[in-house]
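The sequence shown begins at 1 in UniProt numbering and counts up by one.
To start, the structure itself, in structure tokens.
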Amino acid sequence: MVRTGDGAYAAKAKKVVVLWDLDNKPPRGPPYEAAVALRSVAQRFGDVVDVSAYANHHAFSHLPQWVVEERRERRRLDVLERRGAVSDDTYACSVCGRKFKTNLELKKHFKQLHLRERQKKLNRMRSLKGKKRQRFKEKFIDGNEKYNEAARSLLTPKVGYRLAQELRRAGVHVRTVQDKPQAADWALKRQMAHSMSRGVDWIVLVSDDSDFSEMLRKAREASLGTVVIGDRDRALGRHADVWVPWVRVENGEIEETDLELRREGWSFSVVGDVEFVEEEEEDDEDSEVEEFEQENYFFL
Numbered sequence: 001m002v003r004t005g006d007g008a009y010a011a012k013a014k015k016v017v018v019l020w021d022l023d024n025k026p027p028r029g030p031p032y033e034a035a036v037a038l039r040s041v042a043q044r045f046g047d048v049v050d051v052s053a054y055a056n057h058h059a060f061s062h063l064p065q066w067v068v069e070e071r072r073e074r075r076r077l078d079v080l081e082r083r084g085a086v087s088d089d090t091y092a093c094s095v096c097g098r099k100f101k102t103n104l105e106l107k108k109h110f111k112q113l114h115l116r117e118r119q120k121k122l123n124r125m126r127s128l129k130g131k132k133r134q135r136f137k138e139k140f141i142d143g144n145e146k147y148n149e150a151a152r153s154l155l156t157p158k159v160g161y162r163l164a165q166e167l168r169r170a171g172v173h174v175r176t177v178q179d180k181p182q183a184a185d186w187a188l189k190r191q192m193a194h195s196m197s198r199g200v201d202w203i204v205l206v207s208d209d210s211d212f213s214e215m216l217r218k219a220r221e222a223s224l225g226t227v228v229i230g231d232r233d234r235a236l237g238r239h240a241d242v243w244v245p246w247v248r249v250e251n252g253e254i255e256e257t258d259l260e261l262r263r264e265g266w267s268f269s270v271v272g273d274v275e276f277v278e279e280e281e282e283d284d285e286d287s288e289v290e291e292f293e294q295e296n297y298f299f300l
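Right, dumping it as structure tokens:
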């Protein structure tokens, strides 16, 4: 029990750690929205103390099909706008508010004016040291959301599609591993073991890799709650207390009924303040039949 600000006592919130295997389970859409949706699901089990994602360099340089199609469609619209074959919708610069007839004109304006100004500020910041550099960075670089928003929509990165940057923007600790087989798996297993030693209550694993089955089994033996988010409820899902489909997490379609515990002898309280409650043993034959039916229900 912990004491709240108004002097009342409430149950201590559970600690939740999210581990994301990006090599095995990359986002199918915009990374920022996927990370926000993932955190939202994890928060139903308690306070999220850490969200970490692991992948090698290839995951950050690879272009998924939805990104390729999105860029191809943008180029097609640019050609049509230049020919005047589309509607006369105007584009507004989110930094200064100026309006332009085509997306290409807006992009040219942004590069010639705002991008150059930004580069000058960065060069100025690099020439400073100590507290002066920190104050300059806080005043002119950090928190400039108008510029950042325009840059994300207008500037195409030379490599990848800003996967790491977008995940960090959503509060995810992105960790790049060596380009070796199973490197991300080993790093994620080490982090899982570290989380178990820190006294967390829930581990949320985003993966379909059956190599994590043994770690999940150890987590359950240590009385930790385990949640697996993936595409297939198979080997890995069978070792978890809760299995949730990844596509529904990304789409924000998870409901309380999707978070039913599978573990024998444990039960859910209100979602968002999850408690493990061990059922009392009863010698009554009727209660044994009830427990048998409940166990089989969870494993269907």
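Idealized CB from N, CA, C, for every residue including glycine.
Going by beta-carbon coordinates alone, are residue i and residue j separated by less than 8 Å?
| i | j | result |
| --- | --- | --- |
| W243 | G225 | no |
| P31 | L167 | yes |
| S207 | G230 | yes |
| N103 | E81 | yes |
| T156 | R72 | no |
| A187 | V174 | no |
| F136 | R124 | yes |
Alpha carbons only, please: which of the options is nearest the one belonging to residue i?
| i | options | result |
| --- | --- | --- |
| A184 | K14, D23 and V16 | D23 |
| F140 | E149, L122 and L128 | L122 |
| R190 | S40, Q43, Y54 and K25 | Y54 |
| V86 | R74, A92 and V95 | R74 |
| E255 | P26, A42, S207 and T176 | A42 |
| R248 | H109, K107, L188 and P27 | P27 |
| L154 | H109, Q178 and V228 | H109 |
| L19 | D142, G97 and V227 | V227 |
| T176 | V16, A13, K14 and D21 | D21 |
| Y147 | K180, K14 and G97 | G97 |
| S52 | Q119, F45 and S195 | S195 |
| P64 | K101, G84, V79 and K25 | K25 |
| D241 | R232, A235, E260 and R162 | E260 |
| S197 | M215, Q182 and P181 | M215 |
| Y91 | R126, E105 and V79 | E105 |
| E145 | H173, R83, H114 and D78 | H114 |
| R107 | G130, K14, L205 and D78 | The question names Arg, but residue 107 is Lys in the sequence shown. Closest by alpha carbon: D78. |
Taking residue i and residue j to be in contact with their CB atoms under 8 Å, please state how far apart those CB atoms are, rounded to whole angstroms.
| i | j | result |
| --- | --- | --- |
| V200 | V48 | Actually they do not touch by this definition, with Cβ atoms about 10 Å apart. |
| S94 | A150 | 5 Å |
| V67 | F45 | At roughly 31 Å, the Cβ-Cβ gap does not stay under 8 Å, so V67 and F45 are not in contact. |
Taking contact to mean 3 or more Cβ pairs, one atom from each stretch, closer than 8 Å, check whether the stretch 210-221 and the stretch 34-51 are in contact. no
Does the stretch 44-63 come close enough to the stretch 210-218 that 3 or more CB-CB pairs lie under 8 Å? no
Within the stretch 205-257, ranges of the beta strand (DSSP E) (whole runs, at least 3 residues): Within the stretch 205-257, the complete beta strand (DSSP E) segments of 3 residues or longer fall at 225-230 and 242-245, listed in chain order.
Entirely enclosed alpha helix (DSSP H) segments - the stretch 52-136, minimum 4 residues: 57-61, 65-83, 103-109, 116-127 and 130-136
Run through the stretch 9-33 for me and flag every whole beta strand (DSSP E) of 3 or more residues, listed as ranges in chain order. 15-21
Go through the stretch 153-188 residue by residue and report every complete run of the alpha helix (DSSP H) that reaches 4 residues or more, in order. 163-169
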